[in-house]
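Chemist:
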Amino acid sequence: MEEYLTLRRGAQAGFTERRSRFVGAAKPVGTEEEAADFIRAVRAGNRDARHNAFAFLLRGGRTARCSDDGEPQGTAGVPILNVLRKAAVANAVVVVTRYFGGVLLGAGGLVRAYSHAASLALSAAGTVRMGACFTAKLRCGYGRYGAVLPLIAKHGGGVDGVSYSGRVEICFHIPCGTAAAFQAALADATCGECRASLEGKTFYALS
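In terms of the working numbering, the sequence shown opens at residue 23 and continues consecutively.
#1: Mapping DSSP to helix, strand and coil, what is Phe94?
#2: Between the Cα of Gly52 and those of Ser89, Val133, Pro197 and Val111, spot the shortest distance and give me the residue it belongs to.
#3: Can you tell me whether DSSP reads Glu191 as helix, strand or coil?
#4: For the beta strand (DSSP E) that contains Ala75, what are its first and last residues?
#5: Taking the DSSP output, what are the residues bridged to Thr119?
#6: Helix, strand or coil: which one does DSSP assign to Arg166?
#7: Roughly how many angstroms separate the alpha carbons of Ala66 and Gly123, rounded to a whole number?
#8: Just how far apart, CA to CA, sit Arg166 and Ala209?
#9: The alpha helix (DSSP H) that contains Arg134, what's its start and end?
#10: Work out the CA separation of Pro50 and Gly82 for me, nearest whole Å.
#11: Write down the C-beta distance between Thr119 and Arg30 rounded to the nearest angstrom, noting that I regard them as a contact closer than 8 Å.
Quick look at the structure:
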């Protein structure tokens with residue numbers, strides 16, 4: 023099954039190094055445009071900062087960008103990107119804001135500081151494994167409802183919505199790797215009355 027690791031939530035964390043304040047802000051994103059929007063938002067919220075270096079990495083390594091934002095070349099953006107790669111996360115962006123304290127840190131000091139701030143932000147954000155899932159829908163009688171829900175959970179899926187009318191309609195997602203087994207189990211449990219309609223494919227957090 024196709025999977026990738028990403029950030030669980032948006033978060034920030036910081037520390038002070040020789041009077042300069044470094045604040046890392048991290049967020050899960052789905053596209054390059056979402057990453058750019060987050061970078062702009064962090065910059066707008068830290069207009070008094072000397073630097074807002076960043077890096078982001080999208081799934082499959084197909085897109086990776088970084089910027090030193092005025093720091094000496096290779097001392098800010100690349101170290102942040104290396105932290106993302108070392109953590110093996112994708113669809114993630116990190117911006118490290120530096121409020122200059124008047125003391126030069128040198129190239130090595132900057133690399134360590136930006137790397138540390140990025141690592142702190144990732145730790146605060148946490149990680150979650152995402153898996154390829156089918157979005158699906160099924161209808162069943164009220165008498166079958168209680169048997170269907172445990173089957174979805176047993177096969178690694180999750181319920182996204184339920185509506186009640188003449189019959190129960192369940193919108194859910196199911197991992198691509200277990201969809202066939204789920205369909206077979208569903209047919210057995212409902213005596214062939216219910217079959218799920220697989221309507222699309224996307225990524226969901228795996229339980």
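All C-beta atoms in this analysis are idealised placements derived from N, C-alpha and C, irrespective of residue type, glycine included.
Modeler: Answer, in terms of the structure:
#1: A small fix is needed here, since residue 94 is Pro in this sequence, not Phe. Residue state, collapsed to three classes: coil.
#2: Val111
#3: strand
#4: His73 to Leu79
#5: Val45 and Asn74
#6: helix
#7: 20 Å
#8: 11 Å
#9: Gly128 to Ala147
#10: 15 Å
#11: Actually they do not touch by this definition, with Cβ atoms about 22 Å apart.
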